[in-house]
Structures are given as structure tokens and as C-alpha cells.
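Notes for the one structure printed next.
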Amino acid sequence: MTRRTALVRRPGPRLADGLVTHLEKSVIDLDLAREQWEAYAGCLRSAGWETVEVPAADDCPDAVFIEDAVVVAGDLAVLTNPGAAERKPEVAAVEGVVRDLGYRVERITDPGTLDGGDVLKVGDTAYVGLGGRTNGAGIQQLAGHFATVGMRTQAVTVERALHLKSAVTALPDGTVIGWDPVVDWPGAFPTYEGMPEEGGAHVVLLDESTVLMAASAPRTADLLRGRGLDVVTVDISEFEKLEGCVTCLSVRCRG
Ligand SMILES: NC(=O)NCCC[C@H](N)C(=O)O
């Protein structure tokens, strides 16, 4: 497989009813959210990614955070079993899309729960957040599935953030970056560096030298540019109010 396809899912009319766990609820501007989502998808396409829309799930306020519904690795797509009951109906419509893309499909089932936002792949290691949304049974099931594509799985406790990838992501060279106040176990990663802003913990790898980041982390963007990376920024303020970040608005399928 050689592909650079990104799954995305349009925000629905009930976006403002999305869950918040570590933040106070604030007013969401739905029109602005829709514009920001278009701009985000446009950034992916400008960087050479084909975007594929998963059918909207308008009854599910958080469906736009498509990363939580499916995890891909090699030829495998693992449909998740989200830890929040409200989000479980988001998963069903993803299956047809990943099958059409040629993926072999497995799934996380009860009593296991797992949100894709808890899965950080770095090389052939998948770090998986054990916390509010993902439990030990979910991680065990994922480890079994990932073993079939040569990925090893390591659990990392997450207590101060919604998901592991709300706290840390990885640069193209494998360095794990995070925002120290919400990183429970920096020592879990071979290399870890704290970034100066919360939004600076989140990068989407567009290619080997380019990352996509939220506009809310300008100091981190400068810092990463200083390290020789190309940095593309996009304003996702309406999704940040719902504890979303750049990673959770797409699923990158590389092969
Ligand atoms: N992967 C992610 O970080 N997803 C963000 C999900 C935010 C959503 N409001 C939720 O609480 O599930």
C-alpha cells in the first residue's frame, strides 16, 4: 500500500453539546467551527493528503473527533469502543470506509474500552494511555491486534489529560513532545521535551519535515521552526473549547 489518505468527519449541528471533562463548558460558534474544519481539511490537502469523509453522525456531537473511532497500523484498522457511552454510536459508520480503503478490520469489544486519542505510534511502538477513556482490557485487545502488524504496545498512565495525545505527540524524528503540567510519565518515552504551550503538545505529521499545529501555540511553532521543521498552523479554537486538538480531527492512513 502506498497512500496518504486522511479520514475526516464534518462537524454536526449538535457540536456545542460535545463532552468536556477537564475544561469549563464555553460557547461554541458553530459557523466558525465549520469554517475552521474546512481550513483544517484544506491544510491536509495542500500538504498532499487526500481527504476521505466518513459519513456524518449528526446525532453525535463529538463525531468530528474522528481519531477516537478508529486506529490504523499497516493493513489493519481497529474500530474502537469509546470509553464515553455518548460516543459509542460514532464507530459503526467508520467500518465501511476503512473496508473500502482495503483495510483488514478488527475491533475493541466490551469490557475493553479504547479511544483512538489514547494511541500514540512512534516507530513500531504504540504508547497507549490508560486513563479516563481507555482501560486495561482495551489496551490488551489492541496489543493483540497490533502484534499482527509488528507493533509493540506499551501502556502509559494518563490522569491529568483527556487522552494520551492531549498531553503528548511525537515529532518526525520520534522525539515525544508535551506540555509538562499534564504529562504524568515523561520518563515513559525514550526522548521527551516539554513545549511552552498546551497546544504546542499537539502535532500532526504532514511529512518527514512538516508538522501541522494549532494557531494557539505560536511560541512552540517558532521553537520548532528553529529546529528546522516546516510548521503549518490552523485556528481550531472552537474544537479546543471541546478538548479537541489537531490530531483528533483526522486519522492519517499511511502505507
Ligand atoms: N482524540 C481527542 O483528543 N479527542 C478529543 C475528544 C473531545 C471530546 N469532546 C470528548 O470529550 O470526547
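Residues in the sequence shown are numbered consecutively from 122, following my numbering. Where is the CB? At the ideal position from N, CA and C, for every residue including glycine. In this text, all values refer to a predicted model and were calculated from it rather than measured experimentally.
When DSSP states are grouped into helix, strand and coil, Cys-369 belongs to the helix group.
Around the beta carbon of Ala-206, fewer than 16 other beta carbons lie within 10 angstroms, which makes this residue exposed. Asp-351 counts as exposed, since fewer than 16 other C-beta atoms from the protein chains shown sit within 10 angstroms of its C-beta.
Checking the 7 Å criterion, the Cβ of Arg-130 is out of range of every heavy atom belonging to ligand 1. Judged by the Cβ position, Leu-283 qualifies as a neighbour of ligand 1 at the 7 Å threshold, a heavy atom of the ligand being closer than this.
In this structure Thr-278 is not in contact with Thr-255, their Cβ atoms being roughly 11 Å apart against a cut-off of 8 Å. The residue among Gln-262, Leu-344, Pro-339, Ala-291 with its C-alpha nearest the C-alpha of Glu-329 is Ala-291.
Assignment of Ala-177 by DSSP, reduced to helix, strand and coil, places it in the coil class.
Our two residues, Leu-197 and Arg-125, have alpha carbons roughly 15 Å apart in a direct line. By the 16-neighbour rule on beta-carbons within 10 angstroms, His-284 is buried. Taken through DSSP and simplified to helix, strand or coil, Asp-351 comes out as strand. Distances from the CA of His-143 to each of Val-193, Pro-176, Pro-293, Leu-363 were compared; the closest alpha carbon is that of Leu-363. The shortest CA-to-CA distance from Thr-172 to any of Val-193, Asp-179, Gly-163 is the one to Gly-163.
When the beta-carbon positions are compared, Leu-151 and Ala-137 come within less than 8 Å of each other. Remark: three or more beta-carbon pairs, one from each stretch, lie closer than 8 Å, so the stretch 321 to 328 and the stretch 298 to 311 are flagged as touching. Ala-190: not part of any beta strand (DSSP E); DSSP gives it neither H nor E. For the set Gly-195, Thr-312, Arg-131, Val-192, the Cα lying nearest the Cα of Cys-181 is the one of Arg-131.
Contact between Gly-237 and Glu-188 holds: CB atoms are separated by about 5 Å, below the 8 Å threshold.
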